[in-house]
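Trainee: What follows is a structure written as structure tokens; I'll ask about it next.
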């Protein structure tokens, strides 16, 4: 086992859990590769986007994480491809040889090829996305105060979220709270009735992964919060100043957040299947290349119902750990283990003191679910300082009905209505 080199691509949940397991074997050298120098706690990105948390509070430096793992090193860079036969990962033109490779690159926003989504819509997959959304919201409110054009003000103050999954629901709920408790007080010149939060879902209900009763509870809460829900609607185009629907209607809006789906971060050199994901054996390695393992959102391993495992943090954590364990088992001459997903339940927060949680047959709603959601997210957040800062921000918001982080880093400009934009809105 001495001298074996394992490269872990991606500092997400899968990658960090793989490093933790591999670091227990002092004879194995580990290199963790990522294009960012931090681990991002993606479940709380929407709170950065809605001014509830600062970006550094949900990110943790990779090198600080590796201090306790003496046989692990970090390489900053973007992976460009892999040569499985030569066992080389290419990182910004640099060859990184390996004996084993664990790929945990995660996903990116899937725009389904719809016109304007990539150019004018906003995904929510990294810190840059979250910061742009927050600046966009604040810029829109500031511009709405300045304009005397009612149609322009209507588009400025209409915030559209596409996709009724957990990310879309949590973001819509947070925007509803911002509308009620922040914009109403910070912008007294704006009429609260003009500020709209619209959630568009193609199916007939929210949160398909949850029980119908939980989805109905979420729907009722969002409606009470003032969020407009549009079911059975399909977006056909996003323009600089509107969202066009298949039904023929148009929603004037300068801010459209796209949470309707994700696709894998394909790595050139690996075979891909549906959703740009990589099919593996139950032991999590690529059949054509046994030295390459895939864990987390990129892994396409069918579950017992014929569908792949859910693209959630618990899946990534469990697969990252098992991939590392199977590599160590092979080096010891032991039989590898197959992946068996342990479902730890599903949670989604809706707003102040309200959430839904399903753990096995137990279903919680309202304040108990909200408390459980807070505890779970604090537990999995890396770094004591981050936990304390997030907890203090949550406490401040809870007792003051205020969102503390309302600093605009970059002011956004908005095109003139009914005139083509000369530059992408996101720039």
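Numbering (the UniProt record's numbering), first residue to last: 1 to 427.
C-beta: ideal position from N, C-alpha, C; glycine also.
Quick one: is residue 37 buried, meaning 16 or more other Cβ sit within 10 Å of its Cβ, or exposed?
Mentor: Looking up residue 37 in the chain shown gives position 37. Classification of residue 37: exposed, given that the 10 Å Cβ count is below 16.
Trainee: Is the beta carbon of residue 296 less than 8 Å from the beta carbon of residue 279?
Mentor: The count along the chain shown starts at 1 and reaches residue 296 at position 296. The count along the chain shown starts at 1 and reaches residue 279 at position 279. No; because the gap between Cβ atoms is not below 8 Å, this pair is not in contact.
Trainee: Do the CB positions of residue 250 and residue 120 come within less than 8 Å of each other?
Mentor: Locating residue 250 in the chain shown gives position 250, where the first residue counts as 1. Locating residue 120 in the chain shown gives position 120, where the first residue counts as 1. Not in contact: residue 250 and residue 120 (Cβ atoms no closer than 8 Å).
Trainee: Residue 51 to residue 289, Cα distance in whole Å?
Mentor: Translated into positions along the chain shown, residue 51 becomes position 51. Translated into positions along the chain shown, residue 289 becomes position 289. If I take the Cα positions, the gap works out to 45 Å.
Trainee: What's the gap between the Cα of residue 410 and the Cα of residue 259?
Mentor: Within the chain shown, residue 410 is the residue found at index 410, counting from 1. Within the chain shown, residue 259 is the residue found at index 259, counting from 1. C-alpha separation (whole angstroms): 23 Å.
Trainee: Out of 147, 346 and 90, which one is the CA nearest neighbour of residue 310?
Mentor: The residue labelled residue 310 in the question sits at position 310 within the chain shown. The option with the nearest alpha carbon to residue 310 is 346.
Trainee: Count the other CB atoms within 10 Å of the CB of residue 58; is the residue buried (16 or more) or exposed (fewer)?
Mentor: Numbered from its first residue, the chain shown carries residue 58 at position 58. With 16 or more Cβ atoms within 10 Å of its Cβ, residue 58 is classed as buried.
Trainee: Could you give the distance in angstroms between the alpha-carbon of residue 293 and the alpha-carbon of residue 100?
Mentor: Working through the chain shown from its first residue, we reach residue 293 at position 293. Working through the chain shown from its first residue, we reach residue 100 at position 100. Roughly 8 Å separates the two Cα atoms.
Trainee: Short check: CB of residue 257 to CB of residue 171, under 8 Å?
Mentor: As a position in the chain shown, residue 257 is number 257, starting the count at 1. As a position in the chain shown, residue 171 is number 171, starting the count at 1. Against a cut-off of 8 Å, the Cβ pair of residue 171 and residue 257 comes out as a contact.
Trainee: Quick one: what does DSSP say residue 289 is sitting in, helix, strand or coil?
Mentor: As a first step, residue 289 is located in the chain shown; it is residue number 289 there, counting from the start. In this structure, residue 289 counts as strand in the three-state DSSP scheme.
Trainee: Kindly identify the DSSP beta-bridge partner or partners of residue 61.
Mentor: Stepping through the chain shown from its first residue, residue 61 is reached at position 61. Answer is 38, bridged to residue 61.
Trainee: Would DSSP call residue 355 helix, strand or coil?
Mentor: To locate residue 355, count along the chain shown from 1; it is residue 355. Here residue 355 sits in strand by DSSP.
Trainee: Taking just the CA atoms, how far does residue 335 sit from residue 22?
Mentor: What you label residue 22 is simply residue 22 of the chain shown in a count that begins at 1. What you label residue 335 is simply residue 335 of the chain shown in a count that begins at 1. Looking at the two C-alpha atoms, the distance is approximately 17 Å.
Trainee: For residue 170, which three-state DSSP category applies?
Mentor: Residue numbering aside, residue 170 sits at position 170 when the chain shown is read from its first letter. In the structure shown, residue 170 sits in a helix (DSSP, three-state: H, G or I).
Trainee: Does residue 163 come out as helix, strand or coil in the three-state DSSP assignment?
Mentor: By 1-based counting over the chain shown, the position of residue 163 is 163. Residue state, collapsed to three classes: coil.
Trainee: Assuming the contact rule is C-beta atoms closer than 8 Å, residue 511 and residue 127 should be a hit. Round their C-beta distance to whole Å, please.
Mentor: Lying before the first or after the last residue shown, residue 511 is absent from the chain, which here runs from 1 to 427.
Trainee: Relative to the C-alpha of residue 96, which candidate in 76, 115, 402 and 15 has its C-alpha closest?
Mentor: For the purposes of this step, residue 96 is identified with residue 96 of the chain shown, where counting begins at 1. Checking every option, the nearest Cα to that of residue 96 belongs to 76.
Trainee: Taking the alpha carbon of residue 35 as the reference point, which residue from 287, 11 and 15 has its own alpha carbon closest?
Mentor: Residue numbering aside, residue 35 sits at position 35 when the chain shown is read from its first letter. The shortest C-alpha separation from residue 35 is found at 11.
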